[in-house]
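Start counting the sequence shown at 102; every next residue gets the next number (the numbering used here).
Ideal Cβ positions, reconstructed from N, Cα and C, are used throughout, including at glycine.
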Amino acid sequence: MHIHYITGSIDGCSLVQCYIPAKYLSRLSDVKATVSSYPEYIEDPDLHKADLVVLQRQIKNSVFQYMKKNKSNQLFIYDLDDDLWAIPPDFPTKPFWPDRKLEIVKIFIEECGILTVHSEGAYKNLKERFPRAKIYLLPPLVDFERAILRKRPNRAEIRIGWQGSSSHIKIAEHIAHAVTQVIRGNPDVRTIWFGFLPTPIKRLPWWQWEYYDWVDIDHFYEVLGALDLDIGLAPLPSIPFTATRTIRKLLDYGMFRIPVIATDIKPFSSYPDLYYPVDASNKLNKWRRAIIDMIENEDLREEYAERLYLFTKKYDAKERIKEWLDIYKEILALCS
């Protein structure tokens, strides 16, 4: 079987939904998995040889026309991570998904007739939104071959950090106030920000913070492992869209044994023992209390780190990739 992924963008979603599965699928017997991204798309020779083509968040007309032309000899699956229709108007990523683009996504899904998703919330919402489509929920995959932790020698400070993309910056800016209020002037604590630097953090003494710009997806886990964090922050906005998102942020921290403080709402609240909770209000005093508790209690950090790591190990790509292949085989069998 030849499975080919066409990415919708070059970002973290394409890494975990295309590149990582392709890497591990290719290690299975009688399977070839390939990926093409912008600008190749339909020019990629691997695309033309594939039995099954996965379109990750695609909206390109050239891809749509290729699909319509080749549906008789290739099977096409549309792939989404979140329920894009649930993004609120004031959310940071809404400009990337205006109504006209959502209409294109809808046309793609209806033409494919088959949709794979990566969260229970998205599965539930999209089954209601597209009752005629066949929808499948794929388990997350964690590439532990990338989980290389680099400890900093002879450091004494506690390192508390955040990593995220443009979809997380609004809530990150909010909780940054709590971070600065707790650690300002404390020589034993440093805060690290990867992908976004909130204004409150810039106002701390220079020796209390570090900032690392966003990197190519091939280097994301390498950099995350080199940050040597003692505490990870995973705030979520209390809006319906959040419930359709994945638990990827927990898994990213978990693969490096980093204990997490997180907002206690879905999708995280389906796994309440994995993180130190802050209630859905995201009030700064609640975040301050949680940060203080984790800074002051090393045993608590170790307890949450080990628990999250053991949970994350359940999604080791080496062990779970067969489930992806089984779903793809099931889809092929139903459509043959």
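Checklist line | Simplified DSSP state of Val164, which is helix, strand or coil | finding: helix
Check: Looking at Glu274 and Thr300, is the spacing between their C-beta atoms short of 9 Å?
Finding: yes
Item checked: Neighbour-count burial assignment, Cys436, 16 or more Cβ in a 10 Å radius -> exposed
Item checked: Touch test, the segment 187-195 against the segment 339-346, Cβ-Cβ under 8 Å, three pairs minimum -> yes
Margin query: Mapping the DSSP letters down to three states, classify His219 as helix, strand or coil.
Written below: coil
Item checked: Among His105, Ala327, Lys423, Glu431, nearest to Gly262 - alpha-carbon criterion -> Ala327
Notebook entry, point to check: Hey, out of Glu399, Lys430, Leu334, whose CA is closest to Arg389's CA?
Noted result: Leu334
Checklist line | Cβ neighbour criterion (16 or more within 10 Å) applied to His269 | finding: buried
Check: What's the C-alpha gap between Leu411 and Gln159?
Finding: 34 Å
Next item on the list: Taking only the alpha-carbon atoms, compute the straight-line gap between Asn174 and Lys150 and give it to the nearest angstrom.
Entry: 10 Å
Margin query: Just to confirm my understanding: we take Arg421, look at its own chain, exclude 5 residues before and 5 after, and list those with CB closer than 7 Å. What are they?
Written below: Pro240, Leu242
Margin query: So for Ala335, helix, strand or coil by DSSP?
Written below: strand
Next item on the list: For my contact list, Ser267 and Thr194 are in at a C-beta cut-off of 8 Å; report their separation, rounded to the angstrom.
Entry: 6 Å
Notebook entry, point to check: Among Ile396, Leu185, Ser371, Asp365, which one has its Cα closest to the Cα of Arg260?
Noted result: Ile396
Item checked: Per-residue burial, Phe209 [other beta carbons within 10 Å of its own, 16 or more giving buried] -> buried
Next item on the list: Examine the Cβ distances between the segment 119-134 and the segment 252-259 and report whether three or more of them are shorter than 8 Å.
Entry: no
Next item on the list: Have a look at Ala234, Trp294, Asp329 and flag the residue whose alpha-carbon is nearest the alpha-carbon of Arg251.
Entry: Asp329
Margin query: If you reduce the DSSP assignment to three classes, tell me which class Ser266 lands in.
Written below: coil
Check: Roughly how many angstroms separate the alpha carbons of Glu404 and Asp145, rounded to a whole number?
Finding: 48 Å
Margin query: Considering only the alpha carbon of each residue, which of Glu204, Leu216, Phe297 lies closest to Val154?
Written below: Leu216
Item checked: the segment 276-295 in contact with the segment 305-317 per 3-pair CB rule at 8 Å -> yes
Note to self: Do Gly265 and Phe245 have their beta-carbon atoms positioned less than 9 Å apart in this structure?
What the structure shows: no
Next item on the list: Give the C-beta separation of Trp425 and Pro122 to the nearest angstrom, bearing in mind that I take them to be a contact with Cβ-Cβ under 8 Å.
Entry: 6 Å
Notebook entry, point to check: What's the call for Asp380, buried or exposed, on a 16-neighbour Cβ count within 10 Å?
Noted result: exposed
Item checked: Own chain partners of Val283 with C-beta closer than 8 Å, once the 5 adjacent residues on each side are dropped -> Val290, Arg389, Ile392, Ile393, Ile396
Note to self: Can you tell me whether Trp198 is helix, strand or coil according to DSSP?
What the structure shows: coil
Next item on the list: Could you name the residues of the same chain whose beta carbon sits closer than 7 Å to that of Phe177, not counting the 5 residues immediately before and after it, in chain order?
Entry: Val154, Leu156, Met168, Cys213
Check: Looking at the unbroken alpha helix (DSSP H) that takes in Val324, where does it start and where does it end?
Finding: 321-327
Margin query: Just to confirm, is the Cβ distance from Ser99 to Asp147 under 9 Å?
Written below: Residue 99 lies beyond the residue range present for the chain, which begins at 102 and ends at 437; the question has no answer from this structure.
Notebook entry, point to check: Is it right to say Ser220 is buried, meaning 16 or more other beta carbons lie within 10 angstroms of its own, or is it exposed?
Noted result: buried
Checklist line | Pro378 in three-state terms, based on DSSP | finding: strand
Checklist line | Integer-rounded CB distance, given that Ala234 should sit under 8 Å from Leu181 | finding: The pair is not a contact, with the Cβ atoms about 11 Å apart (cut-off 8 Å).
Next item on the list: Confirm, please, whether the CB-CB distance from Tyr237 to Glu407 is below 9 Å.
Entry: no
Check: Considering only the beta carbon of each residue, do Ile366 and Leu337 sit closer than 9 Å?
Finding: yes
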